[in-house]
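In UniProt numbering, the protein residues as written are 1 to 178. Ideal Cβ positions, reconstructed from N, Cα and C, are used throughout, including at glycine. Nothing here was measured: the structure is a model prediction, and the numbers come from that model.
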Amino acid sequence: MKLETIINQPVIETERFDLRPLRRSDVGLIEHYASDERVARMTSSIPHPLPPSATEAFVTRSMSEDRVSDVWVMDATKDGGPEVIGIISLKRLDRNQSEVGFWVAPIYWNTGVASMAVEALVKANPLNNSTMFASVFQDNPASARVLTNCGFQYLGDAETYSVARDANVATWTYSRKL
């Protein structure tokens with residue numbers, strides 16, 4: 001018998017889906033969506049092509065007691081959808097701050113899922129942060145709109161290394177005081 005570790009993260013409800021901690025059973029759907037080049041290219045950390053066992057390692061790290069980020073699955077089963085339609089995370093920073101990261105399965109792009117997830121995470125503020133930050137690649141204006149629609153303020157330009165692109169990519173950085 002194999003038991004899954006229960007991690008101390010709240011379930012955050014929205015009208016259309018729940019943000020819940022990852023489970024080992026999520027590996028297949030996460031791998032399916034994360035292996036899509038369109039998803040990987042809009043993140044800094046997902047490689048393309050996705051190496052074998054990369055998703056399993058991600059889920060294991062995300063469920064670890066000493067994790068640096070809390071990661072939630074966007075689970076749409078309550079609305080008749082799949083168990084995974086995207087991922088959202090909060091990376092712990094110093095001085096009571098965190099960094100929001102998210103991606104949504106392409107089939108759910110332009111449906112309001114990302115905005116609803118970010119707004120729910122901000123409202124719940126599970127890490128009791130005073131400030132949340134986020135950055136998006138400048139060739140991803142849809143994600144920039146998600147952040148501004150959720151009350152994030154533009155801070156400036158920067159660049160971040162993208163594993164999928166194997167290059168530094170220009171970003172826009174945002175913050176939201178809580």
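**Asked** Considering only residues of the same chain and omitting the five flanking positions on each side of Met1, which have a CB-CB separation below 8 Å?
**Response** Within the sequence shown, numbered from 1, the residue matching residue 1 stands at position 1. Only weak support exists for where Met1 lies, its pLDDT of 44 falling under 50; the value from the coordinates is given anyway. For Met1, same chain residues with a beta-carbon under 8 Å away, outside a window of 5 residues either side, do not exist.
**Item:** Whole-number beta carbon distance between Val113 and Ile85, since they are thought to touch under 8 Å
**Value:** Counting from one through the sequence shown, the residue named residue 85 turns up at place 85. Counting from one through the sequence shown, the residue named residue 113 turns up at place 113. In this structure, Ile85 and Val113 form a Cβ contact; the two beta carbons are roughly 6 Å apart against a cut-off of 8 Å.
**Prompt:** Does the distance from the C-beta atom of Thr148 to that of Asp157 stay below 8 Å?
**Reply:** On the sequence shown, residue 148 is found 148 positions in, with the first residue counted as 1. On the sequence shown, residue 157 is found 157 positions in, with the first residue counted as 1. In this structure, Thr148 keeps its C-beta atom at 8 Å or more from the C-beta atom of Asp157.
**Request:** Within its chain, find whatever has a CB closer than 7 Å to the CB of Ser45; leave out the 5 residues flanking it on each side and keep chain order.
**Result:** Residue 45 sits at position 45 when you count from the first residue of the sequence shown. The beta carbon of Ser45 is closer than 7 Å to those of Val163 in its chain, skipping five residues each way along the sequence.
**Item:** Sheet register partners of Glu159 (DSSP bridge)
**Value:** Locating residue 159 in the sequence shown gives position 159, where the first residue counts as 1. Ala170.
**Asked** Would a C-beta distance cut-off of 8 Å place Arg145 and Arg41 closer than the cut-off?
**Response** On the sequence shown, position 145 is the one that residue 145 refers to. On the sequence shown, position 41 is the one that residue 41 refers to. It is not a contact, given that the beta carbons lie outside the stated cut-off.
**Closest residue to Arg12 among Lys78, Asn110, Leu155 (Cα-Cα distance)** = Reading the sequence shown from its first residue, position 12 is the one you call residue 12. The sequence given here has Ile at residue 12, not Arg. Considering only alpha carbons, the answer is Lys78.
**Message:** Within a Cβ cutoff of 6 Å, which residues of the same chain sit near Gly101, ignoring the five residues on either side of it in sequence?
**Reply:** For this step, residue 101 is matched to residue 101 along the sequence shown. Here Gly101 has Ser89 as same chain residues with Cβ atoms under 6 Å from its own Cβ, once five neighbours each way along the sequence are excluded.
**Request:** Return the first residue and the last residue of the alpha helix (DSSP H) that Ala142 is part of.
**Result:** Residue numbering aside, residue 142 sits at position 142 when the sequence shown is read from its first letter. Membership of Ala142 in the alpha helix (DSSP H) is indicated by the continuous run 141-149.
**Asked** Straight-line CA distance for Ser69 to Leu19?
**Response** Your numbering for residue 69 matches position 69 in the sequence shown. Your numbering for residue 19 matches position 19 in the sequence shown. Distance between the alpha carbons of Ser69 and Leu19: 15 Å.
**Closest by C-alpha distance to Gln9, when choosing among Ser64, His48, Ala54, Glu37** = Mapped onto the sequence shown, residue 9 falls at position 9. Answer by Cα proximity: Ser64.
**Item:** Which listed residue (Met74, Asn129, Tyr154) has its alpha carbon closest to that of Lys91
**Value:** Mapped onto the sequence shown, residue 91 falls at position 91. Nearest of Met74, Asn129, Tyr154 to Lys91, Cα basis: Asn129.
**Message:** Tell me which residues share the same chain as Met116 and place their Cβ nearer than 7 Å to its Cβ, disregarding the 5 neighbours each side in the sequence.
**Reply:** Counting from 1 along the sequence shown, the entry for residue 116 is found at position 116. Hits under 7 Å: Thr14, Arg16.
**Asked** Who are the Cβ neighbours of Leu3 in its own chain at under 7 Å, not counting the five residues just before and after it?
**Response** One-based indexing of the sequence shown puts residue 3 at position 3. Per-residue confidence for Leu3 stands at a pLDDT of 48, beneath the threshold of 50, marking its modelled position as unreliable; the derived number appears in the next sentence. Close CB contacts of Leu3 within its chain, under the 7 Å cut and outside five residues either way in sequence, are absent.
**Message:** From the DSSP secondary-structure annotation, give me the bridge partner or partners of Tyr154.
**Reply:** Counted from its first residue, the sequence shown places residue 154 at position 154. Residue pairing by DSSP places Tyr154 opposite Tyr174 in a beta bridge.
**Request:** Output the boundary residues of the alpha helix (DSSP H) element that contains Glu15.
**Result:** If you number the sequence shown from 1, residue 15 lands on position 15. From DSSP, Glu15 is part of no alpha helix (DSSP H); its letter is neither H nor E.
**Request:** State the DSSP-derived secondary structure class of Asp75, mapped to helix, strand or coil.
**Result:** For this step, residue 75 is matched to residue 75 along the sequence shown. DSSP places Asp75 in strand when its eight states are reduced to three.
**Item:** Span of the alpha helix (DSSP H), counted from its first residue to its last, around Ala34
**Value:** On the sequence shown, residue 34 is found 34 positions in, with the first residue counted as 1. That run of the alpha helix (DSSP H) goes 27-34.
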